[in-house]
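Engineer: Listed in order, the protein sequences are those of chains A and L. Note that my numbering has the first sequence beginning at 119, numbered continuously upward. Note that my numbering has the second sequence beginning at 119, numbered continuously upward. Quick reminder that beta carbons are idealized off the backbone N, C-alpha and C, glycines included.
Protein chains: 2
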Amino acid sequence: MTGSESAAPSPLPLGEMHPTRWGDPAAATTLPEPTRGLLELAFRLEDRAAVAEGVLPASTVPAAAAADLEAAVGADHVLRDDLSRRLRTRGKSTPDLIRARAGDLSDAPDVVVRPVDAAQVEAVLDVARRHHLAVVTFGGGTAVTGGLVAQREGYAGVVSLDLVRMKRLLAVDPVSMTATLEPGLRGPEAEALLAEHGLTLGHFPQSFEYATIGGFAATRSSGQSSAGYGRFDALVVGLDVVTPVGQLHLGTAPASAAGPDLRQLFLGSEGCFGVITAVTVRVRHLPSAAAYEGWGWASFAAGTTAVRALAQSGLLPTVVRLSDETETALNLARPDQIGAASTPGCLMVVGIEGDPEAVRTRRAAVTEVLTRLGGTSLGEEPGRAWEHGRYRAPYLRDALLDVGVLVETLETATFWSNVERLHAAVRAALEEHLPGPTMVLCHVSHVYETGASLYFTVATQEGATPLETWRAAKAAATDAMVEAGGTITHHHAVGTDHRPWLEREIGPVGVTVLRAVKQALDPDGLLNPGVLVP
Amino acid sequence: MTGSESAAPSPLPLGEMHPTRWGDPAAATTLPEPTRGLLELAFRLEDRAAVAEGVLPASTVPAAAAADLEAAVGADHVLRDDLSRRLRTRGKSTPDLIRARAGDLSDAPDVVVRPVDAAQVEAVLDVARRHHLAVVTFGGGTAVTGGLVAQREGYAGVVSLDLVRMKRLLAVDPVSMTATLEPGLRGPEAEALLAEHGLTLGHFPQSFEYATIGGFAATRSSGQSSAGYGRFDALVVGLDVVTPVGQLHLGTAPASAAGPDLRQLFLGSEGCFGVITAVTVRVRHLPSAAAYEGWGWASFAAGTTAVRALAQSGLLPTVVRLSDETETALNLARPDQIGAASTPGCLMVVGIEGDPEAVRTRRAAVTEVLTRLGGTSLGEEPGRAWEHGRYRAPYLRDALLDVGVLVETLETATFWSNVERLHAAVRAALEEHLPGPTMVLCHVSHVYETGASLYFTVATQEGATPLETWRAAKAAATDAMVEAGGTITHHHAVGTDHRPWLEREIGPVGVTVLRAVKQALDPDGLLNPGVLVP
Numbered sequence: 119m120t121g122s123e124s125a126a127p128s129p130l131p132l133g134e135m136h137p138t139r140w141g142d143p144a145a146a147t148t149l150p151e152p153t154r155g156l157l158e159l160a161f162r163l164e165d166r167a168a169v170a171e172g173v174l175p176a177s178t179v180p181a182a183a184a185a186d187l188e189a190a191v192g193a194d195h196v197l198r199d200d201l202s203r204r205l206r207t208r209g210k211s212t213p214d215l216i217r218a219r220a221g222d223l224s225d226a227p228d229v230v231v232r233p234v235d236a237a238q239v240e241a242v243l244d245v246a247r248r249h250h251l252a253v254v255t256f257g258g259g260t261a262v263t264g265g266l267v268a269q270r271e272g273y274a275g276v277v278s279l280d281l282v283r284m285k286r287l288l289a290v291d292p293v294s295m296t297a298t299l300e301p302g303l304r305g306p307e308a309e310a311l312l313a314e315h316g317l318t319l320g321h322f323p324q325s326f327e328y329a330t331i332g333g334f335a336a337t338r339s340s341g342q343s344s345a346g347y348g349r350f351d352a353l354v355v356g357l358d359v360v361t362p363v364g365q366l367h368l369g370t371a372p373a374s375a376a377g378p379d380l381r382q383l384f385l386g387s388e389g390c391f392g393v394i395t396a397v398t399v400r401v402r403h404l405p406s407a408a409a410y411e412g413w414g415w416a417s418f419a420a421g422t423t424a425v426r427a428l429a430q431s432g433l434l435p436t437v438v439r440l441s442d443e444t445e446t447a448l449n450l451a452r453p454d455q456i457g458a459a460s461t462p463g464c465l466m467v468v469g470i471e472g473d474p475e476a477v478r479t480r481r482a483a484v485t486e487v488l489t490r491l492g493g494t495s496l497g498e499e500p501g502r503a504w505e506h507g508r509y510r511a512p513y514l515r516d517a518l519l520d521v522g523v524l525v526e527t528l529e530t531a532t533f534w535s536n537v538e539r540l541h542a543a544v545r546a547a548l549e550e551h552l553p554g555p556t557m558v559l560c561h562v563s564h565v566y567e568t569g570a571s572l573y574f575t576v577a578t579q580e581g582a583t584p585l586e587t588w589r590a591a592k593a594a595a596t597d598a599m600v601e602a603g604g605t606i607t608h609h610h611a612v613g614t615d616h617r618p619w620l621e622r623e624i625g626p627v628g629v630t631v632l633r634a635v636k637q638a639l640d641p642d643g644l645l646n647p648g649v650l651v652p
Numbered sequence: 119m120t121g122s123e124s125a126a127p128s129p130l131p132l133g134e135m136h137p138t139r140w141g142d143p144a145a146a147t148t149l150p151e152p153t154r155g156l157l158e159l160a161f162r163l164e165d166r167a168a169v170a171e172g173v174l175p176a177s178t179v180p181a182a183a184a185a186d187l188e189a190a191v192g193a194d195h196v197l198r199d200d201l202s203r204r205l206r207t208r209g210k211s212t213p214d215l216i217r218a219r220a221g222d223l224s225d226a227p228d229v230v231v232r233p234v235d236a237a238q239v240e241a242v243l244d245v246a247r248r249h250h251l252a253v254v255t256f257g258g259g260t261a262v263t264g265g266l267v268a269q270r271e272g273y274a275g276v277v278s279l280d281l282v283r284m285k286r287l288l289a290v291d292p293v294s295m296t297a298t299l300e301p302g303l304r305g306p307e308a309e310a311l312l313a314e315h316g317l318t319l320g321h322f323p324q325s326f327e328y329a330t331i332g333g334f335a336a337t338r339s340s341g342q343s344s345a346g347y348g349r350f351d352a353l354v355v356g357l358d359v360v361t362p363v364g365q366l367h368l369g370t371a372p373a374s375a376a377g378p379d380l381r382q383l384f385l386g387s388e389g390c391f392g393v394i395t396a397v398t399v400r401v402r403h404l405p406s407a408a409a410y411e412g413w414g415w416a417s418f419a420a421g422t423t424a425v426r427a428l429a430q431s432g433l434l435p436t437v438v439r440l441s442d443e444t445e446t447a448l449n450l451a452r453p454d455q456i457g458a459a460s461t462p463g464c465l466m467v468v469g470i471e472g473d474p475e476a477v478r479t480r481r482a483a484v485t486e487v488l489t490r491l492g493g494t495s496l497g498e499e500p501g502r503a504w505e506h507g508r509y510r511a512p513y514l515r516d517a518l519l520d521v522g523v524l525v526e527t528l529e530t531a532t533f534w535s536n537v538e539r540l541h542a543a544v545r546a547a548l549e550e551h552l553p554g555p556t557m558v559l560c561h562v563s564h565v566y567e568t569g570a571s572l573y574f575t576v577a578t579q580e581g582a583t584p585l586e587t588w589r590a591a592k593a594a595a596t597d598a599m600v601e602a603g604g605t606i607t608h609h610h611a612v613g614t615d616h617r618p619w620l621e622r623e624i625g626p627v628g629v630t631v632l633r634a635v636k637q638a639l640d641p642d643g644l645l646n647p648g649v650l651v652p
């Protein structure tokens with residue numbers, strides 16, 4: 119590590135995320151004074167804003183391989199400069215950020231390659247095969263479970279296959295209400311192209327501003343409007359995939375009985391089975407009206423019962439988010455509100471979008487159910503506040519790391535009858551395994567007829583060995599998820615971080631299936647080695 | 119072939135289907151006189167009711183293998199008698215029935231084995247491995263695409279693995295609204311067990327009275343109430359599967375990002391990857407009210423637009439079924455009504471079920487949309503008539519075969535913008551390739567936001583070589599489906615009949631995936647050889 123920096127490298131290419139922080143450097147935040155005061159009650163604040171620049175390992179890609187890559191995509195699109203490699207190093211989990219701040223660039227790719235279409239992707243995979251290069255497909259760089267940290271041992275080098283040039287809206291079918299999108303489109307770019315047709319995808323995860331269509335598919339992303347629009351895998355009706363053994367074009371119909379649904383094998387495949395080069399999704403008309411409202415509940419259990427009632431009566435709003443007692447009290451999800459008088463009990467945010475008549479009707483029906491179950495309307499303000507801050511939490515995380523408070527999230531899902539047990543088990547595991555001052559917050563934000571996700575936010579004293587401390591706590595929490603009957607991840611994918619637990623979820627025969635598919639499609643093991651497949 | 123028979127073998131075990139006809143012999147029908155008169159206008163009616171008894175091939179299972187099977191499941195549950203084997207020969211497609219009527223029993227299994235639980239299934243698979251026996255999993259016997267016609271060459275014998283003893287409701291979770299069912303439960307048996315808890319699965323395919331839970335899962339069945347309840351694969355949240363290399367327990371949560379969704383690999387796997395031993399499904403409260411109504415449309419195109427409007431505005435009824443002009447005119451789907459004055463244009467049946475208030479609200483909203491789009495309410499009678507006859511069509515098929523009229527169905531699905539093209543292409547292919555008098559009827563009965571299925575019923579003169587004639591027409595129709603962009607099957611599975619077309623749908627790389635999974639899970643190729651996997 120040499121020297122230190124506290125600002126973005128200059129010049130940062132347009133639209134790129136900061137290499138050691140989330141998002142756009144211009145949008146970075148510092149802690150407001152009231153927040154800082156509140157935090158000082160719980161944590162020992164210290165100045166940890168300094169960042170080590172670090173030294174990139176030498177690029178190991180042989181000259182012949184580099185020349186072949188240049189032949190495949192053009193010399194302008196094979197990048198080996200310091201900044202390009204640095205910007206493709208790992209993702210944006212808190213451990214990723216801690217390593218980046220410490221100048222640890224040991225996982226940097228050797229070369230960044232930018233194909234423009236499926237044919238160039240195929241050509242790159244062929245070069246990788248001939249030179250035995252590992253290939254890490256790169257979209258928005260927002261991974262939080264180590265999906266971009268491929269194994270490098272045994273390979274001549276690591277290629278970051280950046281899909282940034284594949285940003286076309288390939289087709290719109292306004293009758294079938296589908297659209298075919300290239301994988302490199304970031305959330306706002308896809309929405310802008312669809313909006314020209316009066317359409318929306320309706321997929322708004324917290325990473326929306328940076329994450330890409332290909333990444334949504336490869337990780338089974340779920341957005342904040344999943345109650346109304348569905349999780350991303352439910353939006354996909356077609357996939358084009360380039361594998362080392364050839365191309366696939368899946369999705370001849372909305373539904374089929376022509377054998378297993380192979381789309382569902384590539385959704386969640388995290389770049390390990392092939393490179394997704396086009397995604398056909400269900401789209402909806404842009405809503406012309408929206409109503410956001412806060413509701414108060416006496417307890418998390420009461421609020422959970424209410425969310426379940428909505429899900430099981432076919433009355434789900436577009437957005438529904440229920441914070442537990444701790445999250446409600448701290449209101450960490452609403453940085454603008456920290457320190458303000460908190461709502462007693464639990465806060466629920468309900469958002470309904472559509473045409474004005476549909477919003478009015480649905481709102482009346484939802485209000486009837488929530489009132490009957492004991493909810494108290496808190497008016498529009500809490501809903502609007504949440505909507506305003508919905509993509510801001512990762513920026514707040516950087517500001518907290520700057521003062522020595524480690525913030526990270528983890529998530530799971532289970533069936534309704536098991537929600538309370540899972541909530542308690544994960545919370546207890548985190549509190550038990552984090553030695554310093556710790557806060558564990560949770561909300562329900564993705565719901566189904568049969569169950570729901572639980573999304574935890576943890577804040578803890580960073581301390582002297584934050585990576586080791588967090589690794590132990592995360593392991594305990596993931597053990598608790600498995601033991602309490604939850605999935606190891608509802609929408610963040612497996613990556614390298616969850617891989618040790620995957621066999622406990624799908625069993626040894628499930629692992630056999632994944633390995634068989636991997637071996638058949640990627641016989642040389644070039645695609646994201648060390649990720650997903652145990 | 120020796121002798122002939124025209125009645126059911128006696129005694130037919132309780133609940134078994136007739137070996138050469140559909141369903142319960144007591145429920146068999148003959149053609150009502152008005153129908154017969156109508157048919158005589160189009161077809162040359164002749165007496166073909168005689169049935170050859172046929173001779174079963176000798177059972178080839180070695181004595182040592184039979185002894186091991188008896189050790190696995192008990193001697194009482196290893197059956198080699200004539201009737202048991204005859205009743206497990208093929209399924210109930212029209213070619214299956216024509217072969218059965220001709221006394222062709224060449225595909226009979228050598229032995230019928232009835233395990234009682236997953237452990238016994240595992241034991242049977244172990245015996246099969248040791249003696250190299252092919253294993254055909256048998257549920258309700260309602261297969262219509264040759265899924266029960268396994269290859270016998272290269273095996274020491276063929277075992278029909280009959281799941282008839284696995285009929286328990288294993289668990290009900292009224293909070294999560296899920297139920298775990300054993301695979302041998304027939305539709306009405308599953309509904310009766312769930313009804314004790316006030317619940318319903320809501321899965322009512324035409325084969326409902328005989329088809330089983332395991333078969334629904336293995337073939338990706340879709341029921342007549344799919345608009346309201348979803349197709350079967352959408353109802354499944356968990357699966358237990360016994361494979362030759364071990365057991366799988368899939369479905370820790372309603373949704374997950376822990377890699378590919380392996381449930382979707384076993385749904386539609388047709389007994390080729392393993393034996394499904396338990397299915398956890400989403401259930402609903404039994405509806406307390408229902409409203410069925412007929413609607414008239416000027417054309418199939420106008421009716422299709424209306425169905426699409428319902429699907430895309432979130433207003434789908436529980437049942438929606440739109441007949442094209444020919445089906446409406448002939449009204450073949452309503453045997454009780456054949457010959458009655460037919461509705462002009464196209465008939466749509468709309469059924470709405472739920473609690474009274476929900477039915478009232480939904481019906482008002484549906485009526486508003488259908489009226490606005492030009493539909494004419496025909497009152498409740500056409501809807502009730504359809505509901506009354508919903509499981510009767512296969513009985514009518516037998517009565518038609520008795521007079522020399524071959525009736526068969528085939529089905530596909532596509533995106534909305536392609537429905538008209540696909541409808542015309544399949545219809546033209548059938549009319550072109552059937553030499554005798556022919557009627558081609560079609561309806562839309564499974565709809566999605568992005569598209570719909572097309573279900574064709576074909577009636578043609580049986581003639582001298584019905585199997586060859588139908589095979590050529592079916593091939594032409596399936597070619598037309600592929601060429602016109604439809605799937606080769608929306609809800610009847612691949613079996614042996616559609617297998618030659620599967621590669622055209624999923625591509626060579628898709629086939630590579632299926633073969634890799636098959637090889638990994640069933641390395642000796644014992645499970646339903648020759649079915650599904652190209």
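My guess is that Gly272(L) and Thr337(L) are in contact by the Cβ rule of under 8 Å, so how many angstroms apart are they, rounded?
Structural biologist: Rounded, the Cβ-Cβ distance is 25 Å, inconsistent with contact.
Engineer: Over the uninterrupted alpha helix (DSSP H) stretch that includes Ser202(A), give me the two end residues.
Structural biologist: For Ser202(A), the uninterrupted alpha helix (DSSP H) run begins and ends at 200-204, by DSSP.
Engineer: Assign Arg515(A) to one of two classes, buried (16 or more other C-beta atoms within 10 Å of its C-beta) or exposed (fewer than that).
Structural biologist: buried
Engineer: What would DSSP say about Leu373(A), mapped onto helix, strand or coil?
Structural biologist: For the sequence presented, residue 373(A) should be read as Ala rather than Leu. Here Ala373(A) sits in coil by DSSP.
Engineer: Beta-carbon within less than 6 Å of Arg439(L)'s beta-carbon, same chain only, minus the 5 sequence neighbours each way: which residues are those?
Structural biologist: Taken in chain order, the residues that qualify are Val467, His561, Ser563.
Engineer: Please classify Phe574(A): does DSSP put it in a helix, a strand, or coil?
Structural biologist: In the structure shown, Phe574(A) sits in a strand (DSSP, three-state: E or B).
Engineer: How close, in whole Å, do the beta carbons of Gly236(A) and Gln365(A) come, if the pair is a contact with beta carbons under 8 Å?
Structural biologist: Note on residue identity: the sequence assigns Ala, not Gly, to residue 236(A). The pair is a contact, with the Cβ atoms about 7 Å apart (cut-off 8 Å).
Engineer: With a threshold of 16 other CB atoms inside 10 Å of the CB of Leu132(A), please say whether the residue is buried or exposed.
Structural biologist: exposed
Engineer: State the start and end residues of the unbroken beta strand (DSSP E) segment that holds Val253(A).
Structural biologist: Residues 252-256.
Engineer: Could you tell me whether the Cβ of Leu357(L) comes closer than 8 Å to any Cβ of chain A?
Structural biologist: no
Engineer: Specify the secondary structure class of Tyr347(A) as computed by DSSP and reduced to three states.
Structural biologist: helix
Engineer: To the nearest angstrom, how far is it from the Cα of Ala634(A) to the Cα of Arg622(L)?
Structural biologist: 23 Å
Engineer: If you count every other CB in all the chains shown that lies within 10 Å of the CB of Ser406(L), and 16 or more means buried, which is it?
Structural biologist: exposed
Engineer: Tell me which residue opens and which closes the alpha helix (DSSP H) that Leu524(L) is part of.
Structural biologist: Counting along the chain, Leu524(L) falls outside any alpha helix (DSSP H), though it belongs to the beta strand (DSSP E) covering 523-533.
Engineer: Trp534(A) versus chain L: which residues are under 7 Å apart at the beta carbon?
Structural biologist: Under the 7 Å cutoff, chain L gives Val293, Ser294.
Engineer: Does chain L have any CB closer than 8 Å to the CB of Ala547(A)?
Structural biologist: With 8 Å as the cut-off, Ala547(A) does not count as an interface residue toward chain L.
Engineer: Taking all protein chains shown into account, do 16 or more other C-beta atoms lie within 10 angstroms of the C-beta of Asp214(A), making it buried, or fewer, making it exposed?
Structural biologist: buried
Engineer: Going by DSSP in three states, Met466(A) sits in which element: helix, strand or coil?
Structural biologist: Met466(A) carries a strand assignment under DSSP once its states are collapsed to helix, strand and coil.
Engineer: Scan the region 243-256 of chain L for residues whose Cβ lies nearer than 7 Å to a Cβ of chain A and list them as they occur along the chain.
Structural biologist: none
Engineer: Identify each residue in the region 553-569 of chain A for which the Cβ-Cβ distance to at least one residue of chain L is less than 7 Å, and report them in chain order.
Structural biologist: Tyr566, Glu567, Thr568, Gly569
Engineer: Could you pull out every residue in the same chain whose Cβ sits closer than 6 Å to the Cβ of Gly643(L), ignoring the five residues on either side in sequence?
Structural biologist: none
Engineer: Sort Pro306(L), Leu317(L), Arg283(L) by Cα distance to Asp291(L) and report the nearest one.
Structural biologist: Leu317(L)
Engineer: Looking at chain A, which residues of the region 611-636 of chain L have a Cβ within less than 8 Å of any of its Cβ atoms?
Structural biologist: Ala611, Val612, His616, Leu620, Glu623, Ile624, Gly625, Pro626, Val627, Gly628, Thr630, Val631, Leu632, Arg633, Ala634, Val635
Engineer: Kindly give me the distance between the Cβ atoms of Val544(L) and Thr444(L), rounded to whole angstroms, as I take these residues to be in contact under 8 Å.
Structural biologist: Not really, about 13 Å apart at Cβ, beyond 8 Å.
Engineer: Among Gly209(L), Ala185(L), Thr395(L), which one has its Cα closest to the Cα of Arg198(L)?
Structural biologist: Ala185(L)
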